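For the sequence shown, our numbering assigns the number 9 to the initial residue and increments by one for each residue that follows. In this text, a Cβ means the ideal position worked out from N, Cα and C, and glycines have one as well. Please read these numbers as outputs of a predicted model, since none were measured by experiment. Report on one structure; see the data block that follows.
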Amino acid sequence: MSTPLHCDVAVIGAGTAGLAAERAARRNGASTVLIDPHFSGTTCANFGCMPSKLLLAAARQAERVRRSDLFGIRVEGMTIDDVAVMRRVREERDRFAALTRKQIDKLDPATRLTGRARFAAPTTLELDDGRRIEARAIVIATGSAPALPPPFEALGDRVLTNESLFELKQLPKRLAVVGAGSLGLEFAQALARLGVQVTLLSKETTLAKVRCPRVHDALLAVLKRDMEVHLGVDVAPSDAMKACACAGAARTQQMAACRWTTLWLHWAARPAQPGRRGAGQGTTGARQARRALPRPRDDALR
Ligand SMILES: Cc1cc2nc3c(=O)[nH]c(=O)nc-3n(C[C@H](O)[C@H](O)[C@H](O)COP(=O)(O)OP(=O)(O)OC[C@H]3O[C@@H](n4cnc5c(N)ncnc54)[C@H](O)[C@@H]3O)c2cc1C
9 MSTPLHCDVA VIGAGTAGLA AERAARRNGA STVLIDPHFS GTTCANFGCM PSKLLLAAAR
69 QAERVRRSDL FGIRVEGMTI DDVAVMRRVR EERDRFAALT RKQIDKLDPA TRLTGRARFA
129 APTTLELDDG RRIEARAIVI ATGSAPALPP PFEALGDRVL TNESLFELKQ LPKRLAVVGA
189 GSLGLEFAQA LARLGVQVTL LSKETTLAKV RCPRVHDALL AVLKRDMEVH LGVDVAPSDA
249 MKACACAGAA RTQQMAACRW TTLWLHWAAR PAQPGRRGAG QGTTGARQAR RALPRPRDDA
309 LR
């Protein structure tokens, strides 16, 4: 077994959180290591905030043109070149992601350890190539990844997630967005305004956990201008038909609607699935709060 590397702070994951944690520790005089299997940029730049806002920006532009009549400006025959829209999203996304990678490249190579880390003991990490790191403090910043519930796996590449959507060369004609959290809503609205026929389906009866009924009604009304919305429906794909059956209020309608759509699913808000990215946190000895989230200490920053 090789001699373990010693440091004050080891950070697992070179995403937005991990980069910030490593930088903060280093600036406060700690010796650090940052561990990631790819160092390919952050979720935010590659598959998250940045490309999704680029898509929303294109959608907002289309909507402005559509509504310019309000100002007495008539735009005849507007068309949306979805190939060009998606190309621009990717080009700009790649530019932003390159900036994130530049930040990573500036790190001292001795600080950057390529590999997947797992806990061997509460203060010891082991990388997949067998290297060991002993650290006084370990930051888990492993982010999250879209997790497809098993029944949906049968749909194969008809299911899009935030990791595949931005790679589409063309937009589909019809699309079902399953889940009406903040990410589901932003994708549903952006795509609808870019000309995709969107059906938004959610098991929840509330959009994006909005608590104020008046705000909720206003949000629902805005969404309904652009798409079909079905709340309180249980969405389950049918293996045999590679289609989608929705139990509950909208069953009949949705059976028809989903059959011809590409499904878009997102469960990004869930913590990364152990096994896929898990770092063996179970061996840390750290207390875990409900839903397996780490419990913040009362005297620490949250
Ligand atoms: C479509 C979409 C839109 C979003 N929009 C917004 C927004 O507008 N505003 C906002 O604030 N947030 C937004 N988010 C959320 C935001 O992108 C994430 O919260 C943020 O990127 C998470 O950063 P992170 O550093 O925790 O994880 P990540 O950036 O995912 O980094 C985790 C890193 O850990 C590494 N890793 C995983 N397991 C291991 C292991 N065992 N060993 C070593 N390394 C490991 C991974 O390779 C990865 O590089 C959005 C997300 C999505 C999907």
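task: From the DSSP output, in three-state form, read off isoleucine 88 for me.
output: coil
task: Have a look at Lys232, Asp225, Arg201, Val185 and flag the residue whose alpha-carbon is nearest the alpha-carbon of serine 210.
output: Val185
- prompt: For glycine 283, which three-state DSSP category applies?
  reply: The pLDDT assigned to glycine 283 is 36, lower than 50, so where the model puts this residue is not dependable; a value taken from the coordinates is nonetheless given after this. Correct three-state label for glycine 283: coil.
- prompt: For threonine 213, which residues from the same chain have a beta carbon less than 8 Å from its beta carbon, with the 5 sequence-adjacent residues on both sides left out?
  reply: Listed in chain order, the non-local C-beta contacts of threonine 213 below 8 Å within the same chain comprise Leu239, Gly240, local neighbours out to five positions each way being set aside.
task: Grab the span of the beta strand (DSSP E) containing valine 147 for me, first residue to last.
output: 140 to 148
Reduced DSSP category for alanine 216 - H, G, I as helix; E, B as strand; rest coil: coil
task: Specify, as a first and last residue, the run of the beta strand (DSSP E) that alanine 178 falls within.
output: One point to set straight first is that residue 178 is glutamine, not alanine, in the sequence displayed. Judged by DSSP secondary structure, glutamine 178 falls outside any beta strand (DSSP E); it is assigned neither H nor E.
message: Are the CB atoms of alanine 118 and leucine 26 within a distance shorter than 9 Å?
response: Note that residue 26 corresponds to glycine in the displayed sequence, not to leucine. No, the Cβ-Cβ distance between glycine 26 and alanine 118 is not below 9 Å.
field: Check: cysteine 348 C-beta below 8 Å from any heavy atom of ligand 1
entry: As displayed, the chain neither begins before 9 nor continues past 310, which places residue 348 out of reach and without an answer.
query: Which one or two residues does DSSP pair with histidine 14 in a beta bridge?
result: In the DSSP secondary-structure assignment, histidine 14 is bridged to Glu142.
field: Selected residue, minimal CA-CA separation from alanine 125, among Asp90, Val41, Arg31
entry: Val41
task: Please classify serine 171: does DSSP put it in a helix, a strand, or coil?
output: The residue you asked about is not serine; residue 171 is glutamate in the sequence shown. Residue state, collapsed to three classes: coil.
field: Beta-carbon proximity of threonine 122 to proline 12, cut-off 9 Å
entry: no
- request: Let me know if alanine 22 comes out buried or exposed under the rule of 16 or more other beta-carbons within 10 Å of its beta-carbon.
  value: buried
- request: In angstroms with no decimal places, state the Cα-to-Cα distance between alanine 200 and lysine 232.
  value: 10 Å
Residue nearest to serine 60 in terms of C-alpha spacing, selected from Asp102, Leu115, Leu156: Among Asp102, Leu115, Leu156, the Cα nearest to that of serine 60 belongs to Asp102.
- prompt: Does the Cβ of phenylalanine 195 lie closer than 8 Å to at least one heavy atom of ligand 1?
  reply: yes
task: Look at the alpha carbon of glutamate 134 and the alpha carbon of asparagine 170, and state the distance between them as a whole number of angstroms.
output: Looking at the backbone, the Cα of glutamate 134 and that of asparagine 170 are separated by about 30 Å.
message: Assuming the contact rule is C-beta atoms closer than 8 Å, proline 245 and alanine 162 should be a hit. Round their C-beta distance to whole Å, please.
response: 6 Å
task: May I ask you to list the residues that DSSP assigns as paired with histidine 238?
output: Leu209
task: Would you check whether ligand 1 has a heavy atom nearer than 8 Å to the C-beta of glycine 21?
output: yes
task: Could you please give the first and the last residue of the uninterrupted alpha helix (DSSP H) stretch that includes phenylalanine 79?
output: Counting along the chain, phenylalanine 79 falls outside any alpha helix (DSSP H), and DSSP gives it neither H nor E.
query: Within 10 angstroms of its Cβ, does lysine 114 collect 16 or more other Cβ (buried), or is it exposed?
result: exposed
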